[in-house]
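Reminder that position 373 of the sequence shown reads as 373 in the numbering used here, one-by-one numbering, no gaps. Idealized CB from N, CA, C, for every residue including glycine.
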Amino acid sequence: MAAPEPGAILGVDVGGTFTDAVLIAAGGIFTGKSPSTPEDQSAGVVEAVRQVLGKAGMEAGEVGHFAHGMTVATNALLESKGAKTALVATRGFTDLIEIGRQDRASLYRLQAAHPPPLVPPERRVAVDERNGPEGVIRELEPAESERVAEEIEALGVESVAVCLLHSYRFPENEKQIGEAIGRRLGPSVHISLSHDVVGTFREYERAATTEIDAALSPLLAGYLERLARRSAGLGLPEPEIMQSSGGVAGLDEVSAHAAVAVLSGPAGGAAAASMVAGQSGEENLLCFDMGGTSCDVCAVEGGRVHETASKKIAGRPIALPMVDIDTVGAGGGSIAWCDSGGALRVGPESAGASPGPACYGLGGIRPTVTDANLALGRLAAGDELAGGIELDLELALQAIGELAAELGVSTEECAGGIIRVANSEMVRALRVVTVQRGLDPRDFTLLAYGGAGPLHAAGVAGELGITSILVPVTGGVFSALGLAAADRRRDEVQTVLAAEHDLGRETLIELIGEADQTGWDIRYGGQSFELTVNDDSADPARLRELFEAAHEDRYGYSDPSAPIELVTVRRRFIESGPGLAAAPAPDQYLEGPARLDLGEATVWVPEGWKLTGAQGGLLRMFREL
């Protein structure tokens, strides 16, 4: 589809510590960073917008496009703080969200810990109805729908999740119950119907995703309403919201289904990374986004960001298309501490924006990764951060010194240990998205961004055997840049369950429909799980060829004689976003040890590494083995 009309483009990304803003206008790219306001993220957004508009000398009314990524849904899920929600399910299946799957992350752990369901047993309502995979087994009577609505009203809930057996194929009963609840309770109660949210088979994952959507949507809708009101007050256009898939969507669409925005924040950086891959000629990138609170990593292979059809977040499955991101609690504000065995630990607790690291001078007294970088000279004392914060070396040394005494080492040794432990956590995450996927990290270039990413990039790359690093000159606000440049995207997912002999060209053309891109979930007959391949050719032979290549890559073998099955078709409707304008190579050359200030981030070039400019507004760090 066509790109939007040209004009000033604004992207704002809310992190745990800072809120980043990027404004792309005729006069260039303007950036801003302000402390996040966790009590109401929209307040920090407004402050960052005012800052970047002031730098550009522009009025809010001159902004033609506003995209936003945030962590409201993520934080609510991590903290299990959803709206008061009820679940409506087919009789006999109301406890499905608690029973889950029989597989366990740690096979030999005798006491496996699972997060409790967001809907407790007393708020689960059974319905006398039943569909099988082929159609109706027990009809849903109108009186039963009214009984369910009456029972929901008595529970006094804010939201309702409706998930009935096989409604991905036969949604009529869910619609009937949703209408009955809507008539009785009105628009004040949010209703999530599973066939609207997920639309694919596998009952547990569909129920769990619908439960999450119902619990988070009222909270996210309230936040987005406040944001829209503040934005209108400034004169900004209504914001579009980044989805977990890496594309933006309208505010109303995301308000209605919060589950699509659980990875809204980090998805912006992944969207920008795919654009960098196209501009730089580096098709294989490992994205390394280290901020103040956490570190998000993902892989770009062949110029395309890795996506997944289902992922566990905070121990809960979400069966929706999303960027395949792994997150660890290691950021600039991660607190260093000594465990009961006398070992140095870093994170996952973070000092956040308030009180922040000790060196901020805002009341923090516990040592953090930022304090360690300052103590080692990788950050400069007196540097001014967002909000006028100046880094105080004495406060950093004092905080690290107390921990060093507890560990029985010098302050410098303790600071070095903090950096090494934090790096090891991030290396582990990068191995999850490479080694555990059958990929060799040495075949990738590390793309480092976020406020702290360029500081740690060389240390992380060294442990993985990576010899080349790219750092955007806008690295400190790179995720916000990705928001501003991202495509608009809508996903449709349909369970098909068709044998290979039923997959003629005409059938595939019909399944593709008007989609701009199409993904196909395919498996060998008898397998329980499938692989996704992307192809728009509607050629059955081509689909088989792509599936066998993917199977060979993932499992080390393929079987040309075995029949295949098409399980799911994934249609993507994409409207091109503003994109990133080509930028010249920065005029830079450094040999380590050296430090380079980018404004919103600092690059640390260790001894043995060199830094130079690269096409696309990038810096390249490299070393020879």
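Whose C-beta lies closer than 7 Å to the C-beta of residue i among residues of the same chain, with five residues either side of it excluded?
i	result
ASN75	none
ARG91	ALA126, VAL127, ASP128
GLY199	TYR168, VAL493, GLN494
GLU349	ILE335
GLY278	GLY303
GLU141	none
ALA484	ILE9, LEU10, GLY11, VAL22, ILE24, ALA67, PRO578
Please confirm whether residue i and residue j have their CB atoms less than 7 Å apart.
i	j	result
ALA583	GLY613	no
MET322	LEU263	yes
GLU174	VAL162	yes
PRO367	ALA336	yes
ARG130	ARG124	no
ASP521	THR532	yes
GLY332	THR370	yes
VAL297	ASP339	no
VAL567	GLU510	no
ALA351	GLY364	yes
ARG304	LEU470	no
GLY54	GLY268	no
ALA56	THR19	no
ILE99	PRO117	no
At the level of alpha carbons, what is the spacing between residue i and residue j?
i	j	result
VAL496	ILE389	56 Å
PHE66	ILE9	6 Å
GLY579	SER274	10 Å
ALA256	ASP502	36 Å
SER424	ALA538	45 Å
ALA3	GLU575	Here the model assigns ALA3 a pLDDT of 42, short of 50, so the residue's position is not dependable, and the following value carries that caveat. If I take the Cα positions, the gap works out to 7 Å.
LEU385	ASP443	35 Å
ALA594	ARG378	8 Å
VAL629	ALA258	Limits of the chain in this structure are 1 at one end and 625 at the other, which puts residue 629 out of reach.
GLN243	ALA272	14 Å
LEU447	SER280	11 Å
VAL346	GLY329	9 Å
ALA21	ILE419	28 Å
SER217	GLU238	19 Å
GLY135	ALA499	20 Å
VAL119	LEU185	19 Å
ARG101	PRO317	10 Å
ALA207	ALA215	12 Å
LYS311	GLN436	15 Å
GLY525	ASP559	11 Å
GLY617	LEU164	51 Å
VAL432	LEU464	12 Å
SER528	GLU565	11 Å
By Cβ distance, which residues of its chain are closer than 6 Å to residue i, with the 5 residues on each side in sequence left out?
i	result
ALA601	GLY451, PRO454, GLY475, GLY476
LEU362	PRO355, GLY356
ARG623	THR467, GLY608, TRP609
GLN615	ALA585
VAL63	ALA8, LEU10, LEU236
LYS84	VAL157, GLU158
ASN534	GLY519
LEU78	ALA314
PRO563	GLU500, GLY525
PRO171	HIS195
Going by DSSP, what residues sit across from residue i in a beta bridge?
i	result
HIS190	SER159
ALA594	VAL605
ASP296	ASP289, THR327
GLY135	GLY132
GLU575	ARG488
Which whole-angstrom value describes the C-beta separation of residue i and residue j, a residue pair presumed to lie in contact below a C-beta threshold of 8 Å?
i	j	result
ILE177	ALA86	Going by Cβ atoms, the distance from ILE177 to ALA86 rounds to 12 Å, so no, they are not a contact pair.
GLY608	GLY592	6 Å
VAL45	VAL14	6 Å
ALA457	PHE201	Not really, about 42 Å apart at Cβ, beyond 8 Å.
GLY247	ASP553	Not a contact, Cβ separation roughly 26 Å.
HIS114	ILE241	That belief does not hold up - the Cβ atoms of HIS114 and ILE241 are roughly 30 Å apart, past 8 Å.
VAL473	LEU598	6 Å
GLY291	GLY459	Not quite, the Cβ-Cβ distance comes to about 17 Å (not below 8 Å), so this is no contact.
ALA299	HIS306	5 Å
SER42	ARG226	5 Å
ARG571	GLY513	6 Å
ASP491	SER245	6 Å
From the beta carbon of residue i, is the nearest beta carbon of chain B less than 7 Å away?
i	result
GLN527	Looking at the structure shown, chain B is missing, and only one protein chain is on hand.
If you measure from the CB of residue i, is any heavy atom of the ligand NAP nearer than 6 Å?
i	result
ALA422	Absence of the ligand NAP from the depicted structure is noted, as is the absence of any ligand whatsoever, leaving it without description.
Could you pull out every residue in the same chain whose Cβ sits closer than 8 Å to the Cβ of residue i, ignoring the five residues on either side in sequence?
i	result
ALA375	LEU393, ALA396, LEU397, ILE400, THR411, GLU412, ALA415
VAL52	LEU10, ALA21, VAL22, LEU23, PHE30, THR31, GLY32
ASP252	none
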